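Chains as they are written, first to last, in my numbering: chain A, 1 to 145; chain B, 1001 to 1145.
2 protein chains.
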Amino acid sequence: MKVLTKKTDYAIRALLTLAASRGRYVSAKTISEEQDIPYQFLRGLLQELIRLELIVSKEGAQGGVMISRDPDEISVKQLIEGFQGKVQVSECMFRKQICANRANCVLRHEIMRIEQVVNAEFDKITIGSLLRNLEVIQGHVQPAV
Amino acid sequence: MKVLTKKTDYAIRALLTLAASRGRYVSAKTISEEQDIPYQFLRGLLQELIRLELIVSKEGAQGGVMISRDPDEISVKQLIEGFQGKVQVSECMFRKQICANRANCVLRHEIMRIEQVVNAEFDKITIGSLLRNLEVIQGHVQPAV
DNA sequence: GGAACTGATACTATATTAATATCAGTTAAA
DNA sequence: TTTAACTGATATTAATATAGTATCAGTTCC
């Protein structure tokens, strides 16, 4: 069971770079180099982030992408859902049919509880909070004691 | 993000059938029909359960498979790990390298906490507990009030 | 006008998951 | 003692998801 796909991981890292450069347009090339993300893959990913309205773009020379939300308002949960779909038990519950297999339905109830916990936790982790952690690690800011 | 693959889901259901028939050999054909699991797929899956030492088999006519452990000792966590591998954040942390991408490492710390919660919860859910729930639902047993 | 950009889209590669097929060997029972 | 009902082992295919690449048109700045 893999929690984060590379795409989600890349998205988080791209947004961290953009959050660190709020108010400025940053080119895909720059992000690609800084975060070591394959350029064309990143391009596609950024277009998805635009569709998710987390960033905006500017075409042409000196163009690029810019974060368009408060980093504290962008949660890892949103990103996981945007790129990997909602946390789900198995397909059966998606179809909302009366399960042919009751076992899954029994399990489902249990797992729904777990899902709620996981979602609540991922909701707490934001680009803003990650960036602050990063800055502490990199020594740009002294951690509050 | 899908929590259970079909294989794990099938394994749980097969074990529920076997737990309800403790002490008896049940054929793959019977399980397949009862739980609506593709026969050949189930065959392969049962062999994995044998390797995991959760069931034993008997060849020949009147043969089949039989559960070989106390259903309360078989957790969904074990099955997820057996069929899908351990819950992990992303590949990077597996390799135990010093992450090129620090963001993931920051995230990692947070997600490790979430993983512990999820694992603890899946550990509590056993074939035995699921079976008891099923029996209550199906009215074989009165729920304790 | 040309270099530095994004938009859009099509394509390929790889891995994982799901399902199917085949044949040899074992056992119970008619 | 033959045959039907089984598992063991393994090979193959199909479907889907993930990851990565390529191309060309259009925009903007200088």
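Backbone N, C-alpha and C define an ideal beta-carbon position, used for all residues, glycine too. Note that this is a predicted model, so its numbers are computed, not measured.
Would you please verify whether the beta carbon of K1002(B) is less than 8 Å from any beta carbon of chain A?
-> yes
If we cut at 8 Å on Cβ distances, does V1026(B) have a partner in chain A?
-> Taking Cβ atoms only, chain A never reaches closer than 8 Å to V1026(B), which makes this a no.
Thinking C-beta only, is I80(A) closer than 8 Å to S147(A)?
-> Outside the modelled stretch of chain A, which goes from 1 to 145, sits residue 147(A), for which no answer is possible.
L1052(B): beta carbon under 7 Å from a heavy atom of the ligand GTP?
-> What this structure holds is no ligand at all, so the ligand GTP is not there to describe.
Pick from S75(A), P38(A) and I114(A) that is closest to L16(A), judged by C-alpha positions = S75(A)
Using three-state DSSP, classify F94(A) as helix, strand or coil.
-> Low confidence applies to F94(A): its pLDDT is 34, below 50, so where it sits in the model is not reliable, and the reading given next is rough at best. Reduced to three states, the DSSP call for F94(A) is helix.
Alpha-carbon to alpha-carbon, R1043(B) and R1095(B) = With a pLDDT of 37 at R1095(B), under the threshold of 50, the modelled position of this residue cannot be trusted; read the value that follows with caution. Going by the C-alpha atoms only, they are around 33 Å apart.
Where DSSP assigns a beta bridge to S1057(B), which residues make up the other side?
-> V1065(B)
Between the CA atoms of Y1039(B) and Y1025(B) - distance to the nearest angstrom | The straight-line gap from Cα to Cα measures roughly 17 Å.
C-beta contact flag for I12(A) and L1107(B) at 8 Å = In contact: I12(A) and L1107(B) (Cβ atoms closer than 8 Å).
Coarse secondary structure for T1126(B), derived from DSSP in three states = strand
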